[in-house]
Amino acid sequence: MRTLRALPPVSTLRLLDPQGREQLRVSRLGPDIAGTGTDLSRTDAYVTARQQGRHIGPIYFQEGSEPYVTIHVGGVSPRQGSVVADVNLKLIWDIVTALRIGEAGRAFLVDAQGHLISHPDISLVLRQTDVSSLPYVRAALEKLPTGSGDAVLVAGRDLAGRDILSASTTPLALGWTVITELPRAEALAPVYTSVRLWLIVLACGLAAAVLCGILIARNMIRPIETLTTGAIRIGSGDLDHRIAISGSNEFAQLGERFNEMAQHLQAERATLEEKVNMRTLELARANQAKSRFLASASHDLRQPLHALSLFVDELRSQPTEARRLRLNDNLAEAVDRLNGMFDAILDTSKIEAGAIRPSLSHFPLAPLLDNLRGMFVSAAEAKGLRLEIDGSVAWVESDRLLLQRILQNLVSNAIRYTDAGLVCVACTEADGQLTIAVCDTGPGIPAALQSDIFGEFFRAPTPGQSGERGLGLGLFIVESFARLLDHPLGMRSQPGHGSRFEIRVPIVPEMPPLPRN
Numbered sequence: 009m010r011t012l013r014a015l016p017p018v019s020t021l022r023l024l025d026p027q028g029r030e031q032l033r034v035s036r037l038g039p040d041i042a043g044t045g046t047d048l049s050r051t052d053a054y055v056t057a058r059q060q061g062r063h064i065g066p067i068y069f070q071e072g073s074e075p076y077v078t079i080h081v082g083g084v085s086p087r088q089g090s091v092v093a094d095v096n097l098k099l100i101w102d103i104v105t106a107l108r109i110g111e112a113g114r115a116f117l118v119d120a121q122g123h124l125i126s127h128p129d130i131s132l133v134l135r136q137t138d139v140s141s142l143p144y145v146r147a148a149l150e151k152l153p154t155g156s157g158d159a160v161l162v163a164g165r166d167l168a169g170r171d172i173l174s175a176s177t178t179p180l181a182l183g184w185t186v187i188t189e190l191p192r193a194e195a196l197a198p199v200y201t202s203v204r205l206w207l208i209v210l211a212c213g214l215a216a217a218v219l220c221g222i223l224i225a226r227n228m229i230r231p232i233e234t235l236t237t238g239a240i241r242i243g244s245g246d247l248d249h250r251i252a253i254s255g256s257n258e259f260a261q262l263g264e265r266f267n268e269m270a271q272h273l274q275a276e277r278a279t280l281e282e283k284v285n286m287r288t289l290e291l292a293r294a295n296q297a298k299s300r301f302l303a304s305a306s307h308d309l310r311q312p313l314h315a316l317s318l319f320v321d322e323l324r325s326q327p328t329e330a331r332r333l334r335l336n337d338n339l340a341e342a343v344d345r346l347n348g349m350f351d352a353i354l355d356t357s358k359i360e361a362g363a364i365r366p367s368l369s370h371f372p373l374a375p376l377l378d379n380l381r382g383m384f385v386s387a388a389e390a391k392g393l394r395l396e397i398d399g400s401v402a403w404v405e406s407d408r409l410l411l412q413r414i415l416q417n418l419v420s421n422a423i424r425y426t427d428a429g430l431v432c433v434a435c436t437e438a439d440g441q442l443t444i445a446v447c448d449t450g451p452g453i454p455a456a457l458q459s460d461i462f463g464e465f466f467r468a469p470t471p472g473q474s475g476e477r478g479l480g481l482g483l484f485i486v487e488s489f490a491r492l493l494d495h496p497l498g499m500r501s502q503p504g505h506g507s508r509f510e511i512r513v514p515i516v517p518e519m520p521p522l523p524r525n
């Protein structure tokens with residue numbers, strides 16, 4: 009009786025002897041009985057209790073109302089008896105009801121078959137409700153072995169049709185399962201709150217990113233538009249325009265490159281315009297020189313032609329023999345003058361057309377000097393000049409014909425512009441070069457005109473000079489041929505002290521004479 013008073017859930021308590029016979033029954037629901045002798049030794053509960061120390065029977069409802077369970081506890085040794093207690097599970101409802109699962113959650117207890125043992129709604133328990141048809145209860149019963157202590161989380165719908173999340177476990181080796189359930193909305197409320205918070209943060213971040221993108225794009229587009237406008241203006245010819253972009257980024261550097269390009273183009277344009285003006289002026293001067301040349305050439309060519317016509321008329325009058333000889337000499341001189349003029353004009357046209365190609369060879373200089381002496385000794389004597397031409401045994405490398413034309417023009421000019429005194433040709437050797445100098449005692453050339461004397465059709469003014477002045481092509485041909493032969497050409501002159509023209513030619517070893525056969 010003290011046991012029943014200490015354990016209110018126990019409704020009946022039976023004491024069995026070691027042979028499994030009932031010796032005493034104490035009950036809250038009926039009279040106490042002693043010595044009944046009911047043999048329970050062959051029941052599964054007794055056998056299990058003796059083997060395993062205890063046996064917990066299935067849930068049953070006494071008189072169809074309240075759930076009960078029979079617990080059979082065996083003795084420690086075979087000499088000891090065992091105790092059988094019928095426990096009323098209705099009192100567990102107080103414990104289950106006291107559990108608080110969130111705001112709208114609840115917990116309940118089912119047996120291994122899915123029948124409610126305890127539930128906040130006691131009527132469901134009293135009606136012996138079977139909840140094994142609920143998916144989350146069936147999953148808990150299938151996945152939880154008895155006494156495992158593991159938890160199973162499942163989503164589903166409860167008896168009222170609400171969406172819930174459930175957790176279940178089997179804490180004791182009773183074959184019972186504790187299941188807790190919480191409405192999905194309440195269970196996921198923290199998640200939804202976090203998601204909403206993250207969405208707000210994301211939206212703010214996206215808005216900030218869009219705003220920053222707009223600002224960055226605007227800051228990028230503005231210098232691009234400035235660069236485009238500046239490039240169009242510079243490309244259209246407005247080279248005074250400058251692109252102004254503040255800062256030190258890539259756009260500013262690109263703008264500086266555009267400005268440098270415009271400045272460079274502006275300088276190039278100015279240089280080009282200056283060159284065009286210079287070329288225009290040179291062409292104008294050349295045209296004027298050609299015009300003067302044509303006037304002078306027509307005059308100079310008309311003189312020997314007029315002389316030829318006079319000589320021919322005199323020959324027709326049948327003069328004496330002595331006079332005929334003199335006329336023949338004059339005719340020959342006039343023809344030579346015409347040939348010289350035409351040769352100068354032809355050489356000039358060839359030079360301008362680039363038709364002259366030097367043919368270098370090795371040859372002795374002495375024969376060329378002898379030819380000069382033979383060509384100009386009569387002309388020098390006719391003007392009362394002394395012609396001195398030094399001999400030379402040197403062999404040189406040059407174009408024989410072009411070098412001869414150079415020396416002929418220099419000697420011819422010296423005789424033409426010298427009225428008295430000396431014209432000489434001197435040869436000196438130094439450092440493997442032979443310097444051939446043509447000197448005269450003529451009027452000299454003023455310093456202001458020395459840079460122009462090698463120009464085409466240039467004729468230095470010589471007041472009071474007698475004789476022909478020529479076409480102004482002699483020194484132009486000399487300078488052109490010297491440049492073609494790569495022979496350095498020099499000149500020194502002083503008014504009143506004559507002039508000196510010199511050309512340097514490479515010296516080569518003397519070649520042995522070829523055999524006659």
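My numbering numbers the first residue of the sequence shown as 9 and each following residue consecutively. Backbone N, C-alpha and C define an ideal beta-carbon position, used for all residues, glycine too.
### Message
Can you check which of these residues, L142, R165, R62, is closest to G89 by C-alpha distance?
### Response
Numbered from its first residue, the sequence shown carries residue 89 at position 81. Of the candidates L142, R165, R62, the one whose C-alpha sits nearest the C-alpha of G89 is R62.
#### Entry: Reduced DSSP category for R408 - H, G, I as helix; E, B as strand; rest coil
If you number the sequence shown from 1, residue 408 lands on position 400. Residue state, collapsed to three classes: helix.
#### Entry: For G221, three-class secondary structure by DSSP
On the sequence shown, residue 221 is found 213 positions in, with the first residue counted as 1. DSSP, reduced to helix, strand and coil, places G221 within a helical segment of the structure shown.
### Message
Considering only their Cβ atoms, is the gap separating G113 from L190 smaller than 9 Å?
### Response
To locate residue 190, count along the sequence shown from 1; it is residue 182. To locate residue 113, count along the sequence shown from 1; it is residue 105. Yes, the pair counts as a contact, with Cβ atoms nearer than the cut-off.
### Query
Which same chain residues, not among the five before or five after P143, have their C-beta less than 6 Å away from its C-beta?
Residue 143 sits at position 135 when you count from the first residue of the sequence shown. These residues qualify, in order along the chain: G164.
### Task
Note down, one range per segment and in chain order, each beta strand (DSSP E) of at least 3 residues found wholly within the stretch 173-216.
185-191
### Task
Taking D94 as part of the alpha helix (DSSP H), name the residues at either end of that continuous run.
Numbered from its first residue, the sequence shown carries residue 94 at position 86. That residue, D94, is in no alpha helix (DSSP H); its beta strand (DSSP E) goes 90-96.
#### Entry: Beta-bridge partners of S126, as assigned by DSSP
Sequence index remark: in the sequence shown, residue 126 carries index 118 (1-based). Paired residues: L117.
### Query
Considering E30, what are the terminal residues of the beta strand (DSSP E) in which it resides?
Here residue 30 refers to the residue found at position 22 when the sequence shown is read from its first residue. Boundaries of the beta strand (DSSP E) around E30: 30-35.
### 8 Å contact criterion, which L457 and P366 should meet: CB distance rounded
As a first step, residue 457 must be located in the sequence shown, where it is residue number 449. As a first step, residue 366 must be located in the sequence shown, where it is residue number 358. Between the beta-carbon of L457 and that of P366 there is about 29 Å, and that puts the pair past the 8 Å contact cut.
### Message
Our contact map puts I125 next to I100 with C-beta atoms below 8 Å; I'd like the distance itself, whole angstroms only.
### Response
One-based indexing of the sequence shown puts residue 125 at position 117. One-based indexing of the sequence shown puts residue 100 at position 92. That belief holds up - the Cβ atoms of I125 and I100 are roughly 7 Å apart, short of 8 Å.
### Message
Measuring only the C-alpha atoms, how far is N379 from A275?
### Response
Sequence index remark: in the sequence shown, residue 379 carries index 371 (1-based). Sequence index remark: in the sequence shown, residue 275 carries index 267 (1-based). Taking the straight line joining both Cα atoms gives about 55 Å.
### Message
Going by C-alpha to C-alpha distance, which of A388, L410, G429, F462 sits closest to V450?
### Response
Position 442 of the sequence shown, counted from the first residue, corresponds to residue 450. Reading off the sequence, residue 450 comes out as Gly, not Val. Nearest C-alpha to G450: G429.
#### Entry: Cβ-Cβ distance between I253 and L235 below 9 Å
For this step, residue 253 is matched to residue 245 along the sequence shown. For this step, residue 235 is matched to residue 227 along the sequence shown. Their beta carbons are under 9 Å apart, which means I253 touches L235 by this criterion.
### Close Cβ partners of F259 (< 6 Å) along its chain, the five nearest in sequence each way excluded
In the sequence shown, the residue the question calls residue 259 occupies position 251. For F259, where only same-chain residues beyond five positions count, the Cβ hits under 6 Å are P231, I253.
#### Entry: Reduced DSSP secondary structure (H/G/I, E/B, other) of R293
Residue 293 sits at position 285 when you count from the first residue of the sequence shown. Residue state, collapsed to three classes: helix.
### Query
Would you call the CB atoms of V77 and T185 closer than 9 Å?
For this step, residue 77 is matched to residue 69 along the sequence shown. For this step, residue 185 is matched to residue 177 along the sequence shown. Contact flag unset, no.
### Message
Can you list, in chain order, the residues of its chain with a C-beta nearer than 6 Å to that of G498? Leave out the 5 residues immediately preceding and following it.
### Response
Here residue 498 refers to the residue found at position 490 when the sequence shown is read from its first residue. Correct list, in chain order: E510.
### Query
Is L235 helix, strand or coil when you go by DSSP?
Here residue 235 corresponds to residue number 227 of the sequence shown, with the count starting at 1. Reduced to three states, the DSSP call for L235 is helix.
#### Entry: Other residues of its chain near L273: CB distance less than 8 Å, five sequence neighbours each side excluded
As a working mapping, residue 273 is identified with position 265 in the sequence shown. Closer than 8 Å at Cβ, skipping near neighbours: I242, L247.
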